[in-house]
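To start, the structure itself, in structure tokens.
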Amino acid sequence: MGRSVLSVVCTVLAVAASLVTGIVNVSLELSLPGTDELHATVPNVLGWFLGVGASIMLVWRWRWPLVVTGIAVVPPLLLVADSLAALIALAALATRFTGWWRWGAATLVFAATALAVWRDVGRFTDSSLAEAWISTDTTVAKLIGVAVTAAIYTAVPLTLGIVRYSLTEKRRLAAEEAALRDQVARREEQARIAREMHDVLGHRLSLLSLQAGALEVTAATTPDAVEAAKTVRTTARQSLDDLRQVIGVLRTTGFADRAPGGAAEPPQPTLADIPDLVTGARQAGLPVNVTILLDQASAAPAPLATAAYRILQEALTNVLRHAPGSPAEVLVRGGPGAGLSVEVFNPLPAHPVPSPGSGTGLTGVNERVSLLGGSLSAGPVDERTFALRAWLPWVAPAS
1 MGRSVLSVVC TVLAVAASLV TGIVNVSLEL SLPGTDELHA TVPNVLGWFL GVGASIMLVW
61 RWRWPLVVTG IAVVPPLLLV ADSLAALIAL AALATRFTGW WRWGAATLVF AATALAVWRD
121 VGRFTDSSLA EAWISTDTTV AKLIGVAVTA AIYTAVPLTL GIVRYSLTEK RRLAAEEAAL
181 RDQVARREEQ ARIAREMHDV LGHRLSLLSL QAGALEVTAA TTPDAVEAAK TVRTTARQSL
241 DDLRQVIGVL RTTGFADRAP GGAAEPPQPT LADIPDLVTG ARQAGLPVNV TILLDQASAA
301 PAPLATAAYR ILQEALTNVL RHAPGSPAEV LVRGGPGAGL SVEVFNPLPA HPVPSPGSGT
361 GLTGVNERVS LLGGSLSAGP VDERTFALRA WLPWVAPAS
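Below, the structure is given as structure tokens:
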């Protein structure tokens, strides 16, 4: 509200100042000897009317600065009129335009102002504009004085417009930068949520589905148990499908905004939780042989420990999905300075096993590895074996 009132006040003052200077300019011109004749009066009156029109047009200088400036320079260039309206319009134009438009308009306004100043010089030296041009007493000093005066008059609104343009651009860029930071933060949060949902819920639902399938087979003598196991397996599979759809939305859209202030994250797994992870995989029917060779495992940074756990979790889940029943060899080794490697090997199935996986598991693993500056490879190492190898840097603490 305050800015709107200030803008209206500035516009009223600009129009009033332009009208007053125009009236004063024409009045002085008509007071000179010989201007009472028709051929001298008509240009003065016409210049006054055009000057009034240009002054009123200043109301729209912010909406159409180029048009208003173009109209405002006509009276002082062609007739007896003041250039204040053109100078005021130039300030608005310089706020909106750059390059040739800005400097071309500034040149026209400078020319109009120089002619107006020259007329003022001729008026107070008792000579007309034409006489001043051809007068023998016209000196270089007078021309320089007119040019310098016009340049100063033109430079003031031009500088104000450029400064305002710079401030506006600075605010715009700051707003865009803030919006970009917010967007990046939201995407990072979405990726984190999707990763955690996939790693935690996806792994547990996969185990639940496999255990229900095994129960359905082993409980063949009890129809009720078979039906219950079938229901559990179906529900787990449907939950997996729903989970994958949610993960897909989180990864590809701006759906989930961050909570104000950031939501508290649940406790993250560490290297000490790896044995429990392996135990869960064995209970799901996956034969796992694990070797852990870690130096100072308890001192591992939290991001490193969580990433290693999630990588192994995804690898074991993939074995359960794509090669059920196949034995898996797990090797976790490393220490400060040497880095941490997670390697999982399993035999390739004789025939491809259909899986409704979303395909985002390895994407999440790759994101984790990349964020920590590590390396990842996943694929067949020969005709019989599939391997996932991940290496993460583990910086030794400063001594």
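Read left to right, the sequence shown gives residues 1 to 399 (UniProt numbering). Here a beta-carbon is modelled for each residue, glycine too, at the ideal position from N, C-alpha and C.
What whole-angstrom Cβ distance do LEU371 and ALA315 have, given they're in contact under 8 Å?
LEU371 to ALA315, Cβ: 18 Å. No contact.
DSSP three-state label for VAL148, please.
Helix at VAL148.
Measure the Cβ-Cβ separation of PRO393 and GLY339 and say whether it is below 8 Å.
Inclusion of PRO393 and GLY339 in the CB contact set at 8 Å is warranted, their separation being smaller than that value.
Identify the continuous beta strand (DSSP E) that holds LEU388 and give its terminal residues.
For LEU388, the enclosing beta strand (DSSP E) has its first and last residue at 385-392.
Note down the Cα distance separating ALA151 from PHE110, rounded to an integer number of angstroms.
Spanning the two alpha carbons is a distance of roughly 6 Å.
Just to confirm the assignment: which complete alpha helix (DSSP H) runs, minimum length 4, are found wholly within the segment 48-129?
Listed in chain order, the complete alpha helix (DSSP H) runs (minimum 4 residues) inside the segment 48-129 are 65-72, 74-78, 84-96 and 99-124.
8 Å Cβ cutoff met for VAL330 and VAL290
In this structure, VAL330 sits near VAL290, with a CB-CB distance shorter than 8 Å.
Same chain only: Cβ atoms within 6 Å of TRP343, ignoring 5 sequence neighbours per side:
Reading off the sequence shown, one finds Glu at residue 343, where the question assumed Trp. Beyond the five residues adjoining it in sequence on each side, GLU343 comes within less than 6 Å, by CB distance, of LEU331 and ARG389 in the same chain, given in chain order.
When PRO349, LEU286, THR363 and GLU177 are compared against THR317, the one with the closest alpha-carbon:
Among PRO349, LEU286, THR363 and GLU177, the Cα nearest to that of THR317 belongs to LEU286.
Using DSSP with H/G/I as helix, E/B as strand and the rest coil, what is PRO347?
Correct three-state label for PRO347: strand.
Taking the alpha helix (DSSP H) that residue 458 belongs to, which residues open and close that run?
Given that the chain is displayed from residue 1 to residue 399, the structure contains no residue 458 and the question cannot be resolved.
Taking ILE292 as the reference, give the member of GLY280, VAL156, TYR165 and LEU312 with the closest Cα.
ILE292 has its Cα closest to that of LEU312, out of GLY280, VAL156, TYR165 and LEU312.
Going by beta carbon distance, what residues of the same chain come within less than 6 Å of ARG164, once the five residues before and after it are set aside?
For ARG164, where only same-chain residues beyond five positions count, the Cβ hits under 6 Å are THR95.
Cβ-Cβ separation, THR69 to ALA86 (assumed contact under 8 Å), whole Å
At roughly 6 Å, the Cβ-Cβ gap stays under 8 Å, so ALA86 and THR69 are in contact.
Rounded straight-line distance, which links the Cα of LEU348 to that of ARG384
Taking the straight line joining both Cα atoms gives about 5 Å.
Around the Cβ of LEU161, are there at least 16 other Cβ atoms within 10 angstroms (buried) or fewer (exposed)?
It is worth fixing the name first, because residue 161 is Gly in this sequence and not Leu. By the Cβ neighbour-count rule, GLY161 is buried, with 16 or more other Cβ atoms within 10 Å of its own.
ALA323 - DSSP class collapsed to helix/strand/coil
It is coil, neither helix nor strand.
Environment of TRP391 [buried if 16+ CB atoms lie within 10 Å]:
Answer is buried; the Cβ neighbour count reaches 16.
Roughly how many angstroms separate the alpha carbons of PRO324 and VAL288, rounded to a whole number?
Here the alpha carbon of PRO324 sits roughly 12 Å from the alpha carbon of VAL288.
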